[in-house]
Amino acid sequence: MGTHRALFLDRDGVINIDHAYVFKPDNFEFIDGIFELCRKAKDLGYLIFVITNQAGIGRGYYTELDFLKLTEWMVGEFKKHGVDIDKVYFCPSHPEHGIGKYKTDSPNRKPNPGMIVQATKEFDIDLARSVLIGDKVSDIQAGVAAGIAVNVLLNSNPIDSRSGHTSVYQVISQLREFSFDQ
5 MGTHRALFLD
15 RDGVINIDHA
25 YVFKPDNFEF
35 IDGIFELCRK
45 AKDLGYLIFV
55 ITNQAGIGRG
65 YYTELDFLKL
75 TEWMVGEFKK
85 HGVDIDKVYF
95 CPSHPEHGIG
105 KYKTDSPNRK
115 PNPGMIVQAT
125 KEFDIDLARS
135 VLIGDKVSDI
145 QAGVAAGIAV
155 NVLLNSNPID
165 SRSGHTSVYQ
175 VISQLREFSF
185 DQ
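If you use this note's numbering, the sequence shown corresponds to residues 5 to 186, in order.
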């Protein structure tokens with residue numbers, strides 16, 4: 005059992021509005037409340053990881069360098085808002101639509117838990133005291149497969165409040181309950 009609890013965040017649809025294959029800051033629109041959620045998590049002692057499928061790389065829509073530049077900008081924006089992202093993991097592969105070396109069914113591509121497993125090993129994470137927030141069923145499947153205790157399906161669309169999904173603000177209010185303090 006690890007010693008650190010973690011908050012695992014999908015990117016598109018959780019950190020930013022999913023405008024499909026976002027790779028430039030001009031198209032990156034942060035979800036309302038994401039900075040507050042992450043500050044609260046840090047205050048409660050969580051490490052924060054981004055785990056994101058990036059099939060746009062595998063499909064040839066943009067490069068790994070484009071992704072890394074955007075990631076550096078995004079992490080800087082979090083820092084401006086008082087939040088340190090501990091690490092960003094990404095999987096550029098796609099088993100059907102990938103091109104060349106990217107056409108593979110990677111153990112890191114969600115719903116597989118590979119990115120979570122990697123973070124757990126690198127940072128000594130206690131998954132039984134950790135939380136994952138995703139906007140797709142595949143995110144939740146990855147969290148469950150890895151053994152994360154709390155997996156939250158987020159609704160990042162403020163218009164669709166009847167979906168049964170959770171909003172960022174609901175997660176903020178529940179995060180203390182998820183802190184698993186004895």
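Note that CB positions come from ideal geometry on N, CA and C, so glycine has one too.
Inset, instruction - Report buried or exposed for I144, applying the criterion of at least 16 other Cβ atoms within 10 angstroms of its Cβ. - result: buried
Legend entry - Nearest candidate by alpha-carbon position, reference N20, set H8, E33, S142, V87: E33
Inset, instruction - With a threshold of 16 other CB atoms inside 10 Å of the CB of D139, please say whether the residue is buried or exposed. - result: buried
Legend entry - Beta carbon of P99 nearer than 7 Å to that of Y106: no
Inset, instruction - Please confirm if the segment 141-157 is in contact with the segment 71-84, defined as three or more CB-CB distances below 8 Å between the two stretches. - result: no
Inset, instruction - Give the secondary structure of S38 by DSSP, where H, G and I count as helix, E and B as strand, and everything else as coil. - result: Checking the sequence shown, residue 38 turns out to be Ile, not Ser. In the structure shown, I38 sits in a helix (DSSP, three-state: H, G or I).
Legend entry - Host alpha helix (DSSP H) of K125 (start-end): 118-127
Inset, instruction - Name the two residues that bound the continuous alpha helix (DSSP H) containing A150. - result: 141-150
Inset, instruction - Would you decide whether D16 is buried or exposed? Buried here means 16 or more other CB atoms lie within 10 Å of its CB. - result: buried
Inset, instruction - Could you tell me the distance, in whole angstroms, from the CA atom of E40 to the CA atom of T56? - result: 20 Å
Legend entry - Separation of D36 from D164, as counted between CA atoms: For D164, the predicted model reports a pLDDT of 47, less than 50, meaning its position is unreliable; a value from the coordinates is still stated below. Rounded to whole angstroms, D164 to D36 spans 15 Å at the Cα level.
Legend entry - Selected residue, minimal CA-CA separation from L3, among I38, K73, P29: Only positions 5 to 186 of the chain appear in the structure, and residue 3 is not among them; the question remains open.
Legend entry - Extent of the continuous alpha helix (DSSP H) run through G60: 59-62
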